[in-house]
Amino acid sequence: MSSAHELAREQRHLDLLHRQVDLRRAQADAELRGTLRQSSPTPQARVERGVTAQRLSTQIARYDAAEHGLCFGRLDLADGTRRYLGRIGLPAEDREGEPLLVDWRAPAARAFYTATAGAPQQVRLRRHLHTRGRRVVRLDDELLDGVSGAPGDVELTGEAALLTALQAGRTGRMRDIVATLQAEQDRIIRSSRTGVLVVQGGPGTGKTVVALHRAAYLLYTHPRLVERGVLVVGPNPVFLSYIGQVLPGLGETSVLLATVGELFPGVVATATEEPAAAAVKGRHTMADVLAQAVRDRQAPVTGPVDLDVAAVWVRLPASFLEQAAERARGSLLPHNLARPLFVQDVVAEAARQLAAARGQLERELEEELARQVDLAALDRSAAADLARLFGSDAAESEDEAAAEVTSAEEFWRRVLPQEPALRRLLDRLWPLLTPQRLLADLYADPSRLASAAPQLTATERRALRRPAGAPWTPADVPLLDEAAELLGHDDSARRAREERQRAEEVAYAQGVLDIAQLGAGDEELAAADVIDAERLADRHGEADLRTVAERAAADRSWVFGHVVVDEAQELSPMAWRLLVRRCPTRSFTVVGDVAQTSEAAGASSWNEALTPFFGDRWRLEQLTVNYRTPAEIVRASERVLAEIHPDLAAPRPVREGAPAPWRAEAPAAELPGRAATAAREELSAVPDGRVAVIAAPEVLPALAAELPEASWGDAPDLERRLVLLTARQAKGLEFDSVVLLPHGIDALGDLYVALTRSTQRLCLLHPAPVPHLLADIPLRVLDAQR
């Protein structure tokens, strides 16, 4: 029990910490308001103002985030030193003593997470402070006296605080665990940033929250990461909503959370598709298919092409077009950026033919006239007249006549790019393509698919077929990204617009200065004497005040400093290609559980998933302790795990004593009604918690009709006490109680996920006969009235 004296002591220290935070927040807020009021006379000053504003905004966000759970721990060391630990660091008031608060990520805080009775690391006392708002409500103390637990026990640091957190009702949002990190989690969080760290962890091991805390740790220990930001990739929007408050709660804003389907700006990829189609789209061979699809759009002719320009026919042989295409490809530029080289060759050839044709026509006209008129006599007479008027240099030389041919070619080279007929031909021979157009055209045309994908079977190509205009799916996004790399982006039009806009701004500024000059006397200092039009235009420009995450989300080519991939076993090879492009330094934290793979394009082993992209430059860490799931539920899921992956052992649970899971049989038609009754009973059993009903997608509408109070759909509200989910939506989530309808959940990975979402209670409802992997769960006979 916490003594009143100790509570009062800790309350006084907490009050001091909050006063310091309030003061720092107020100072940062005042400085931010002053920064935003400043004018910025130069582009550099505008950039500096934006950087300062972002820094101050980040500081304020960090202070706001620290408001809840500002201080959560204390270490009393053998030398008499006392350290308080919290979400942020606060220096000592006298600049010489111990800091008022040590950031949980600092080296001085590590013993709080790793010291044990057997290895106390100079720690005499570890104290957990439980707070509510700005008030200390309870203290948990551990005396590290050198007495270790029994062999084979799971050694927990801060066991009382940990179990309190585990037994608390869920809120519908993931909490951070800075106060209850365990030693094996802390080791992973603080491991080296370089290379690829893979964290294999079964249900309940905290792999997701470890990955998020690792992101916060890396941003703290590598400040330059803030400039590039960290990308966190999750399996679906429901999951991202669930984890969305963890990093802001730790004061980190330089993090973009996204699904793979959200990583192509301008595309909303939420449509569903058949698993067979997603599996084909995820295969590595699709990179070759897209490369060939682009090549098929470059001079796709087998015979000569005739072009009518101003009543003159130009013929472009197929051999010439192929040579021009090869020269453009030889530049190694992407398709759209190589197009001007192809256009240049075609225009030059057409100009040569047109100049030659016009020259031939002129010669034929001269010959015709010569038959009727003595042109030579006329030329001599005209030359003599010109010589009398202007001198002998006026006579046309043979060199000048030859120059006429060259000038004719130059003329046609200038005008041909605007000729509608030629522009239409070039759009057919080497079109400017967007990734969306390339992919939509490929999917919609069986002949294009056959040409680009001969390595696919006819069945696989049919799986890719869909009409033009069909909505995009998440599996399309890696292909769109691959296409964007192959096509490149011609931004010359954008740069031209920006230059025109800049010229207009400078011209407007010059007009303002001219008007001001008119009103000034000869002896007066005018505006133009102290500022020119360029600087005046800069002064009225706006700095980019978006956060790193906002800028990264809008820029497909953004390069991140680090990438965290959760549920990474679900990623297809094409998705991995996309992510490696987002972080060429290959600084990754990869977390998941190969036993929970459910996507058809996912991986069954880390070696299979990672070796093609990282070789042997990845290291594996394993989380072995299940903090979430009680032993009773773990045992109920063990047969499913053994069927999926016999080599994987279930993580060891730290809790036992929960109600035993049970199952009941009911006709399929009665399952929605029985599930509704069970869900309401579970809500009563966990009055402060959350309940999920997990079922196959086709069952959810009937469940929703029986449970109108539940939230469900593409974006269910996880803070509601009752939600209806598919197994894939439930991936990575946790609830106090789960009602599971396994009928229709065919993928064993999905079934394993659904069985392991509960922190307290689990019941299953299914038609007879029982699925053999669930036969060990005790059967309960329901009353006919239920």
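Per this note's numbering, the very first residue in the sequence shown carries number 1486; after that it's consecutive. For glycine and all other residues, C-beta sits at the position ideal for the given N, C-alpha and C.
Whole-angstrom distance between residue j and residue i, CA atom to CA atom
i, j, result
"arginine 1509", "alanine 1776", "55 Å"
"aspartate 2231", "leucine 2225", "13 Å"
"alanine 2053", "valine 2075", "6 Å"
"glutamate 1552", "glycine 1618", "8 Å"
"alanine 1635", "alanine 1602", "For alanine 1635, the pLDDT reaches just 44, beneath the cut-off of 50, and the residue's location in the model is therefore unreliable, although a value from the coordinates is still provided. Spanning the two alpha carbons is a distance of roughly 12 Å."
"glutamate 1758", "tryptophan 1957", "9 Å"
"glutamate 1627", "leucine 1610", "6 Å"
"aspartate 1781", "valine 2223", "52 Å"
"tyrosine 1705", "aspartate 2199", "35 Å"
"glutamate 1484", "aspartate 1549", "It is not possible to answer for residue 1484, since the shown part of the chain is limited to 1486 through 2271."
"glutamate 2191", "leucine 1651", "31 Å"
"proline 2227", "valine 2044", "42 Å"
"proline 2172", "leucine 2249", "20 Å"
"glutamate 1495", "valine 1621", "7 Å"
"proline 1905", "alanine 1969", "28 Å"
"glutamate 1644", "valine 2139", "10 Å"
"histidine 1613", "alanine 1756", "47 Å"
"arginine 1531", "leucine 1492", "50 Å"
"leucine 2259", "glutamate 2128", "12 Å"
Cβ shell of residue i (< 8 Å), same chain only, five flanking positions each side left out
i, result
"alanine 1743", "Leu1716, Val1717, Val1718, Gly1719, Leu1725, Ala2038"
"glycine 1788", "Ala1803"
"arginine 2102", "Gly1680, Val1681, Arg2071"
"threonine 1599", "Gln1606, Thr1642, Ala1668, Asp1671, Arg1672"
"arginine 1933", "Ala1778, Asp1781, Asp1926, Leu1927"
"glutamate 2141", "Pro2115, Ala2116, Glu2117"
"valine 1794", "Ala1835, Leu1839, Leu1901, Glu1904, Ala1906, Leu1907"
Below-8 Å beta-carbon distance, residue i vs any chain D residue
i, result
"serine 1816", "In the structure shown, chain D does not exist; there is a single protein chain."
Where residue i falls: helix, strand or coil (DSSP)
i, result
"phenylalanine 2098", "helix"
"leucine 2185", "helix"
"glutamate 1644", "helix"
"tyrosine 1702", "helix"
"glycine 1687", "coil"
"asparagine 2092", "helix"
"asparagine 1721", "coil"
"threonine 1744", "strand"
"leucine 1629", "coil"
"leucine 2247", "strand"
"valine 1547", "Here residue 1547 is arginine; the residue named in the question, valine, does not match the sequence. Of the three classes helix, strand and coil, the one that applies to arginine 1547 here is helix, per DSSP."
"isoleucine 1466", "The requested residue 1466 does not occur in the structure, where the chain is confined to residues 1486 to 2271."
"glutamate 2106", "strand"
"tyrosine 1569", "strand"
"proline 1963", "helix"
"glycine 1519", "helix"
Cut-off 7 Å between Cβ atoms - residues of its own chain near residue i, not counting five sequence neighbours on either side
i, result
"alanine 2215", "Ala2177, Ile2179, Val2238, Ala2239, Arg2242"
"leucine 1818", "Gly1973"
"glutamate 1945", "Val1765"
Chain-order list of residues whose beta-carbon lies under 6 Å from that of residue i (same chain, five-residue window excluded)
i, result
"glutamate 1951", "Glutamate is not the amino acid found at residue 1951; the sequence shown has arginine there. Closer than 6 Å at the Cβ level, and outside the excluded window around arginine 1951, lie Tyr1928."
"alanine 1948", "Ala1761, Ala1762, Val1765"
"alanine 1796", "none"
"arginine 1814", "none"
"phenylalanine 2073", "Val1681, Val2048"
"arginine 2036", "none"
"arginine 2041", "Pro1750"
Residue j beta carbon less than 8 Å from that of residue i
i, j, result
"arginine 2246", "aspartate 2221", "yes"
"valine 1731", "valine 1694", "yes"
"leucine 1901", "valine 1832", "yes"
"arginine 2265", "alanine 2163", "no"
"valine 1683", "leucine 2095", "yes"
"alanine 1840", "alanine 1893", "yes"
"methionine 1659", "isoleucine 1728", "yes"
"asparagine 2111", "proline 2136", "yes"
"alanine 1513", "leucine 1555", "no"
"alanine 1809", "alanine 1842", "no"
"alanine 2187", "proline 2152", "no"
"leucine 2236", "valine 2119", "no"
"leucine 2063", "valine 1753", "no"
Item to check | Three or more C-beta pairs below 8 Å linking the segment 1761–1778 and the segment 1795–1807 | outcome: no
Next on the checklist: Check whether the segment 2056–2070 and the segment 1766–1785 are in contact - that is, three or more C-beta pairs closer than 8 Å.
Outcome noted: yes
Next on the checklist: Using a Cβ distance threshold of 8 Å, determine whether the segment 1573–1590 contacts the segment 1512–1527, with at least three qualifying pairs required.
Outcome noted: no
Item to check | Three-pair Cβ contact test at 8 Å for the segment 1749–1756 versus the segment 1959–1966 | outcome: yes
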